[in-house]
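A short worksheet on the structure shown next.
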Amino acid sequence: MSIADIRDESARGKVRVVIDLKKDSYPKKVLNQLYKLTTLQTAFHFNMLALIDGIQPRVLGLQEILAEYIKHRQKVIRRRTEYELRKARERAHILEGLKIALDHIDEVIATIRASKTTEEAEKALIERFALSEIQAKAILAMQLRRLTGLERQSIEDELAELRKQIKRFEEILADEKEILAIIKQDLLEMKEKFGDKRRSQLINTELGKFKDEELIPDENVVVLLTTENYVKRTLATDYKKQHRGGKGKRGMTTKDEDVIDQLTTCSTHDWLLFYTNRGRVFRLKAYEVPAASLQAKGIAVVNLLQLQPEEKVTCMVRVPKDNFDVSGESDYLFMATTQGT
89 MSIADIRDES
99 ARGKVRVVID
109 LKKDSYPKKV
119 LNQLYKLTTL
129 QTAFHFNMLA
139 LIDGIQPRVL
149 GLQEILAEYI
159 KHRQKVIRRR
169 TEYELRKARE
179 RAHILEGLKI
189 ALDHIDEVIA
199 TIRASKTTEE
209 AEKALIERFA
219 LSEIQAKAIL
229 AMQLRRLTGL
239 ERQSIEDELA
249 ELRKQIKRFE
259 EILADEKEIL
269 AIIKQDLLEM
279 KEKFGDKRRS
289 QLINTELGKF
299 KDEELIPDEN
309 VVVLLTTENY
319 VKRTLATDYK
329 KQHRGGKGKR
339 GMTTKDEDVI
349 DQLTTCSTHD
359 WLLFYTNRGR
369 VFRLKAYEVP
379 AASLQAKGIA
389 VVNLLQLQPE
399 EKVTCMVRVP
409 KDNFDVSGES
419 DYLFMATTQG
429 T
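For the sequence shown, the working numbering assigns the number 429 to the last residue and increments by one with no breaks.
See the structure below:
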């Protein structure tokens, strides 16, 4: 890692971590290494093991778990609708009995008063007005003053509303599409109530599997090598076209005896082959050569390559990124010496 210092500047509930890099570091490459080697980026894995139909354990995929969730919601909505339908029918049945009692209020009161016991009154109401046991008990459960004070219009309005609800519940239970529509509406309402912007991103890749190049822009650069084996990389855009009489720009600062020996233009993703006076060759990606300004002298090659004492780079060759087989199974290097070898 090319990290010089790390500071925690978190405050007031906000997280802020500052990482200072060394002079010749490549920020995006360091970030990629932090993702790969630290917990700066973390993947949480989970096993979607579920009991299907309450008895069969299975590991489900995303599509399967969603299908099971929809099936569960269908069962819940069906049971809920059946319960609400039953309650609505029960209430409507009682209201129908009360409506009959209002239609014959004087006879109902006389029947109740003529009965010696509650059971006798219940039986008389059932026989006289064709009421059910539930309706008769509902009438007897009310005090006479409440029974006489019932408003016919309010009973009829409530009964009409209940009949609408009963019809709607029956439609839902008769058509699976109606149940699915309710599921959709419930989810939309949940989204409206609790939905907010995602705090995590969905990406179609494996976390922690990035290559360095995936975080390094593909840019045109100029790589310079001096006779004293100093090397640096600059952006091609740092150089401008000169007109007649122009003074040009200094491309590199060198020592008195040192001069620029080789220069190549390439992409940051291209390969650079470095040949030495010992007959060895090293390879680097262009982005691995530290970037520097036009005035900088660069970095000694020995800091990038494992050179032996007195070994020097004598030649630098650029190989396009798409024309180099790292495995060495299909590409070859042809080398010749001054002695004809």
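Ideal placement from N, C-alpha and C gives every residue a C-beta, glycine not left out.
Assign Asp-191 to one of two classes, buried (16 or more other C-beta atoms within 10 Å of its C-beta) or exposed (fewer than that).
Result: exposed.
Go ahead and pull the three-state DSSP assignment for Val-311.
strand
Is the shortest distance between the beta-carbon of Met-423 and the beta-carbons of chain B less than 8 angstroms?
Among the chains in the structure shown there is no chain B, since it carries only a single protein chain.
Identify whether Ile-91 lies in helix, strand or coil by the three-state DSSP scheme.
strand
Is Tyr-363 helix, strand or coil when you go by DSSP?
strand
Taking only three categories from DSSP, how would you classify Ala-380?
coil
How many angstroms separate the CA atom of Thr-356 from the CA atom of Tyr-375?
5 angstroms
Measuring only the C-alpha atoms, how far is Tyr-123 from Gln-129?
Tyr-123 and Gln-129: Cα-Cα distance of roughly 5 angstroms.
Going by CA-CA distance only, name the one from Lys-373, Lys-328, Tyr-327 that's closest to Pro-305.
Lys-373
Going by CA-CA distance only, name the one from Asp-346, Leu-395, Lys-343, Lys-385 that's closest to Gly-367.
Leu-395
Less than 8 angstroms between the beta carbons of Gln-162 and Ile-260, yes or no?
No.
Can you tell me whether Ala-176 is buried or exposed? The criterion is at least 16 other CB atoms within 10 Å of its CB, across all chains shown.
buried
Helix, strand or coil for Val-196 per DSSP?
In this structure, DSSP gives Val-196 a helical state, which the three-state scheme calls helix.
List the whole-angstrom C-beta distance separating Glu-210 from Leu-238, where the pair is believed to meet the contact cut-off of C-beta under 8 angstroms.
Actually they do not touch by this definition, with Cβ atoms about 19 angstroms apart.
Helix, strand or coil for Ser-242, going by three-state DSSP, please let me know.
helix
Quick one: is Leu-219 buried, meaning 16 or more other Cβ sit within 10 Å of its Cβ, or exposed?
Burial of Leu-219 is indicated by the presence of at least 16 other C-beta atoms within 10 angstroms of its C-beta.
Backbone CA spacing between Glu-156 and Ile-165 [nearest angstrom]
14 angstroms
What runs of the alpha helix (DSSP H), each 4 residues or longer, lie entirely inside the region 161 to 196?
DSSP runs (the alpha helix (DSSP H)) wholly in the region 161 to 196: none.
Determine the DSSP secondary structure at Met-278, reduced to helix, strand or coil.
helix
How close, in whole Å, do the beta carbons of Ile-222 and His-160 come, if the pair is a contact with beta carbons under 8 angstroms?
For a cut-off of 8 angstroms, the C-beta gap from Ile-222 to His-160 is around 34 angstroms, too long to register as a contact.
Just how far apart, CA to CA, sit Ser-113 and Asp-93?
13 angstroms
Candidates Thr-205, Ile-140, Glu-215, Thr-315: which alpha carbon is nearest Ile-158's?
Ile-140
Quick check on the burial criterion: 16 or more other C-beta atoms within 10 angstroms. Buried or exposed for Pro-115?
exposed
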